[in-house]
Amino acid sequence: MNWVEMRNLKPVPLGEIPVHSIEELRRHVIESVGAGNRLVHFFGDRTDSGVTVYAVLADDNASRLYIASSYLQDKKSFDSVTPEIPAAHLFERELYEEFGIEPAGHPWLKPLRKGIPGIDLSEDQYQFFGMKGDEVHEVGVGPIHAGVIEPGHFRFSCHGEKVYQLEIKLGFQHRGVEGLFVRNVSHPIYLEKLAESVVGDTVIGHAGGFIRAFESLAGTAVPRRAKVIRTVALELERIAVHLGDLSALSGDVAYLTGNSVFGALRTKVINTTMAICGNRFGRGLMKLGGVDFDITAGLHDQILSTIDKLEDDVALASEVLFSSASVLERFEKTGVVSRKTAAAIGMVGPAARSSGVPVDVRSDHPFGGFEFLPVHKLTLPGGDVFARAYIRFIEIQQSIKIIREQLGGLAEGKIRQTTGSLRPDSLVISLTEGWRGEIAYVLITDSEAKIRRVKIKDPSFNNWFALSLAVRGEGISDFPLCNKSFNLSYCGFDL
Amino acid sequence: MMAAAIAEIVVLISTLFFVGLIAKVKSVWAGRKGSPVLQPYYDFFKLLGKGEVISTTTSPVFKIAPSIGIAATFFALMIMPIPVFGSVIHFEGDFVLFAYLLGLSKFLMVLGALDTGSSFEGMGASREVTYSTIVETAFFIVIGSLALLTRHFSFETIFASVNLASGFSPLVKILLVVSLFIMLLAEGSRVPVDDPNTHLELTMIHEVMVLDYSGPDLAFIQYTASLKMTIISILIADLLVPPSFSLVAACALSAAIVTIVFVSVGVVESLIARSRISHIPQFLFLMTTLSLTSFAIVAFFLFGVIR
Numbered sequence: 085m086n087w088v089e090m091r092n093l094k095p096v097p098l099g100e101i102p103v104h105s106i107e108e109l110r111r112h113v114i115e116s117v118g119a120g121n122r123l124v125h126f127f128g129d130r131t132d133s134g135v136t137v138y139a140v141l142a143d144d145n146a147s148r149l150y151i152a153s154s155y156l157q158d159k160k161s162f163d164s165v166t167p168e169i170p171a172a173h174l175f176e177r178e179l180y181e182e183f184g185i186e187p188a189g190h191p192w193l194k195p196l197r198k199g200i201p202g203i204d205l206s207e208d209q210y211q212f213f214g215m216k217g218d219e220v221h222e223v224g225v226g227p228i229h230a231g232v233i234e235p236g237h238f239r240f241s242c243h244g245e246k247v248y249q250l251e252i253k254l255g256f257q258h259r260g261v262e263g264l265f266v267r268n269v270s271h272p273i274y275l276e277k278l279a280e281s282v283v284g285d286t287v288i289g290h291a292g293g294f295i296r297a298f299e300s301l302a303g304t305a306v307p308r309r310a311k312v313i314r315t316v317a318l319e320l321e322r323i324a325v326h327l328g329d330l331s332a333l334s335g336d337v338a339y340l341t342g343n344s345v346f347g348a349l350r351t352k353v354i355n356t357t358m359a360i361c362g363n364r365f366g367r368g369l370m371k372l373g374g375v376d377f378d379i380t381a382g383l384h385d386q387i388l389s390t391i392d393k394l395e396d397d398v399a400l401a402s403e404v405l406f407s408s409a410s411v412l413e414r415f416e417k418t419g420v421v422s423r424k425t426a427a428a429i430g431m432v433g434p435a436a437r438s439s440g441v442p443v444d445v446r447s448d449h450p451f452g453g454f455e456f457l458p459v460h461k462l463t464l465p466g467g468d469v470f471a472r473a474y475i476r477f478i479e480i481q482q483s484i485k486i487i488r489e490q491l492g493g494l495a496e497g498k499i500r501q502t503t504g505s506l507r508p509d510s511l512v513i514s515l516t517e518g519w520r521g522e523i524a525y526v527l528i529t530d531s532e533a534k535i536r537r538v539k540i541k542d543p544s545f546n547n548w549f550a551l552s553l554a555v556r557g558e559g560i561s562d563f564p565l566c567n568k569s570f571n572l573s574y575c576g577f578d579l
Numbered sequence: 424m425m426a427a428a429i430a431e432i433v434v435l436i437s438t439l440f441f442v443g444l445i446a447k448v449k450s451v452w453a454g455r456k457g458s459p460v461l462q463p464y465y466d467f468f469k470l471l472g473k474g475e476v477i478s479t480t481t482s483p484v485f486k487i488a489p490s491i492g493i494a495a496t497f498f499a500l501m502i503m504p505i506p507v508f509g510s511v512i513h514f515e516g517d518f519v520l521f522a523y524l525l526g527l528s529k530f531l532m533v534l535g536a537l538d539t540g541s542s543f544e545g546m547g548a549s550r551e552v553t554y555s556t557i558v559e560t561a562f563f564i565v566i567g568s569l570a571l572l573t574r575h576f577s578f579e580t581i582f583a584s585v586n587l588a589s590g591f592s593p594l595v596k597i598l599l600v601v602s603l604f605i606m607l608l609a610e611g612s613r614v615p616v617d618d619p620n621t622h623l624e625l626t627m628i629h630e631v632m633v634l635d636y637s638g639p640d641l642a643f644i645q646y647t648a649s650l651k652m653t654i655i656s657i658l659i660a661d662l663l664v665p666p667s668f669s670l671v672a673a674c675a676l677s678a679a680i681v682t683i684v685f686v687s688v689g690v691v692e693s694l695i696a697r698s699r700i701s702h703i704p705q706f707l708f709l710m711t712t713l714s715l716t717s718f719a720i721v722a723f724f725l726f727g728v729i730r
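Which chain is which? The protein sequence lines are A and B, in order.
The first sequence runs 85 to 579 under the numbering used here.
The second sequence runs 424 to 730 under the numbering used here.
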């Protein structure tokens, strides 16, 4: 057996996961991706004197996940899969940086976050890809930026206004989040708070991802009412951030009307989240075993009337935005990512869907409230800034419908269940569709049923490389617009 | 002459008000209360009272650029006629000096930007110079068609007689007013040419060139930018205010025209997005096209092709 078949949020005993030699694993991964599966995760787990490497693949149409592993001694090298599967490129750099196992033949083996032992992260040691020529110039932006945004360094190689190559260097705010989870496994409240803080703009998404993984290891039957409340909060988060992005995209092209109208609408949505749990970003709502705040009858009606009003307002504002010639001139055909590229580099979330790649965890690997109410996948063919903006508009409309459906199924009952003890020697994969795309948590327990390893993958990890490719051949002045159309997280990448 | 000097002092004092007016118009469109109309004055005096940080990589050029820039713009203001009042300095061909004084002010800002050695500022400088070549040419065609129409070669006499010309002049005037309005958007770094409010260095033109300035130098630069816009808006008023008007009526009409121009800038900024950098020349060539058209109309009239 090459792979063990599993599902989202269904734990498997570690003993059942096949262990191959690294050459065999490499071959299986390439075969499986060739057969149409998607690389979800490729990560290491330190054991006694070596590293167990796990590969997770997804068959999205069949809602199945496949996992296999290989054991490697320290300091070993293996043949890189990146030349065959570009989507593995960052995973292999991560393996090299964390465990020192070298993917031989990797075309872009550079530090990812904290730096590779022996190769310092400081700027003079990091070798940027350079272009030579009399008229070529380099522009470096960051890590300290003009606005209140996170740190990251962007190095452009330009000829006049045209960008030939962009290299993005991140890792400036590596906090060691995965280690913090493992060090604090005995403090559930700390774990909840930590999961909320992994990516500050995806509180419900990340907290939900971790909490569902924990609950499935503990075998907790989460009450349906809690699942509905979580799903409503997740969709409110999606609507709020998408509205904020539409506002910021308008701002980046100096379109005042869009900037102010969408910004004002966002406030109404985050205030609704505040009405539920007392925090505009949903902090304090998600708990192990359920949620901490109920949606009362009054609140139920308040949410419904807010989203009814919102639906009209968003439709009107979007009609104005997407029919403005000066805005369309900036959005259309800017920063195009083709469907082929998007699939090859493993993009996820709205960015992938706007390039025509149909991936949506809510539909492919349903979790929480989506188990009873399915979601249709929305895709757009363009792959440009317009498509990435427009998909936000249609996803807002979709999320409004989802909230209505979910609130219709708000069953009576408890909102929180106590969690039992975890299953020993098990592994669980928790996939969540946050507003930015697929959030993947992998939890591994030891023989004493304690969490031994937490592996996090934020959608930003998949999508940063797409930004580099999107701006190739574009004017450098369109970079901020392309960047905002992806709106990726720095801390979600740096972890 | 004395009266013209007093009028120009009034312009010097009131120019920052109009920048505040643009911000106020935008706030109203956005449904916000917005900053006070006099905010640019508060900012100006705040900056004058501040210290400066000067990059160690710069030469004295960086330090003197804002001062020469503001001085050259003052000089240009003295050449420019104010409706009914006329100008402080005038001679045959003074508009050439006017154009190059504005050019000198810009040239020094470009030198100052390049002096910092920052890649951002170099990019901004290159954009600024590219667009200036288009705007400067078009400006000469604007003045050229007026000179051809009036047979005068000094700002003051041109504008004094432009309103006396015959029947087709309203058409020429409309074309030239639109040309000058485009020039104002370009020189004033406003939407759709530039975005004065952005924090994104890579998209800026004017703002990125002055990133390294602080304190009084920054105050001078901001003042110069607002004065340039006011100067161009007064040129529009020059075209439209008949010299036969009484002093009070001319003052009122000029003030109204300048206010309308700045409110229009605010409305344009509220309703349209900023152009893609590669498409800005197309927008600026509109100014060239309009001024060429008016030049052609005047020339055809003179040579008897149209009557």
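Glycine residues also receive a C-beta, built at the ideal position from the N, C-alpha and C atoms.
If you follow the alpha helix (DSSP H) that residue i is in, where does it begin and where does it stop?
i      : result
L658/B : 638-663
P483/B : 483-502
E551/B : 542-573
I429/A : Note, I429/A: premise wrong, no alpha helix (DSSP H); not H, not E.
Can you find the residues in the same chain that come closer than 8 Å, C-beta to C-beta, to residue i, ignoring five residues on each side of it along the sequence?
i      : result
I560/A : V223, F240, C242, E245, K246, V247
N92/A  : S147, L149, V445, H449, P450, F451, I513, S514, L515
Can you list the residues of chain C that residue i reaches, using a CB-CB cut of under 8 Å?
i      : result
H221/A : Annotation note: the requested chain C is absent from the structure, which comprises protein chains A and B.
In angstroms, rounded to a whole number, what distance separates the CA positions of residue i and residue j?
i      : j      : result
P458/A : A359/A : 27 Å
M532/B : A435/A : 41 Å
H104/A : L327/A : 47 Å
L709/B : S602/B : 8 Å
T516/A : T438/B : 56 Å
T357/A : T286/A : 13 Å
E178/A : G263/A : 15 Å
V512/A : F265/A : 15 Å
I493/B : F577/A : 47 Å
A305/A : V312/A : 14 Å
K160/A : T131/A : 14 Å
F562/B : N586/B : 19 Å
L598/B : A678/B : 21 Å
Name the chain A residues that come within less than 9 Å of residue i, Cβ to Cβ?
i      : result
G454/B : S344, V345, A348
In chain order, what residues of the same chain lie with their CB nearer than 7 Å to the CB of residue i, ignoring the 5 residues before and after it?
i      : result
G430/A : R122, L123, A171, N546
L534/B : V484, A488
R308/A : A495, G497
F518/B : I566, F578
F213/A : Q249, E251
Leaving out the 5 sequence neighbours to the left and right, which residues in its chain are closer than 6 Å to residue i when beta-carbon positions are compared?
i      : result
F498/B : L524
I487/A : V316, E319, I391
D530/A : R536
Please compile the residues from chain A whose C-beta is within a distance smaller than 7 Å of the C-beta of residue i.
i      : result
H622/B : A230, G231
K447/B : By Cβ distance, chain A contributes nothing, its closest Cβ being about 13 Å from K447/B, past 7 Å.
V614/B : A338
Using a Cβ cut-off of 7 Å, pull out every chain B residue sitting near residue i, in sequence order please.
i      : result
L93/A  : Under the 7 Å cutoff, chain B gives no residues; its nearest Cβ is about 41 Å from L93/A.
P37/A  : Because chain A is modelled from 85 through 579, residue 37/A falls outside the range shown and cannot be assessed.
E517/A : Simply none; closest approach about 30 Å.
For the beta strand (DSSP E) containing residue i, name the first residue and the last one.
i      : result
S580/A : Nothing about residue 580/A can be reported from this structure: the residues present for chain A run from 85 to 579 only.
D163/A : 161-163
Q249/A : 246-253
F724/B : That residue, F724/B, is in no beta strand (DSSP E); its alpha helix (DSSP H) goes 703-725.
S613/A : No answer is possible for residue 613/A: the residues shown for chain A start at 85 and end at 579.
If the cut is a Cβ gap below 8 Å, which residues of chain A does residue i touch?
i      : result
E610/B : Chain A residues near E610/B: none, gap ~17 Å exceeds 8 Å.
H702/B : E413
D640/B : Those within 8 Å of D640/B in chain A number zero; the least Cβ separation is about 19 Å.
Just to make sure I have the definition right: I need the residues of chain B whose C-beta is within less than 9 Å of the C-beta of residue i. Which are they?
i      : result
I313/A : None at all; the shortest Cβ gap to chain B is about 33 Å.
Find the residues of chain B that neighbour residue i, judging by a C-beta separation of less than 8 Å, and give them in chain order.
i      : result
I560/A : M546, L625
G224/A : S542
ask   = Which ranges would you report for the alpha helix (DSSP H) in the region 330-386 of chain A if only whole runs of at least 4 residues count?
value = Listed in chain order, they are 340-361.
message = Runs of 4 residues minimum, wholly inside the region 533-561 of chain A: which ones carry the alpha helix (DSSP H) assignment?
response = 543-554
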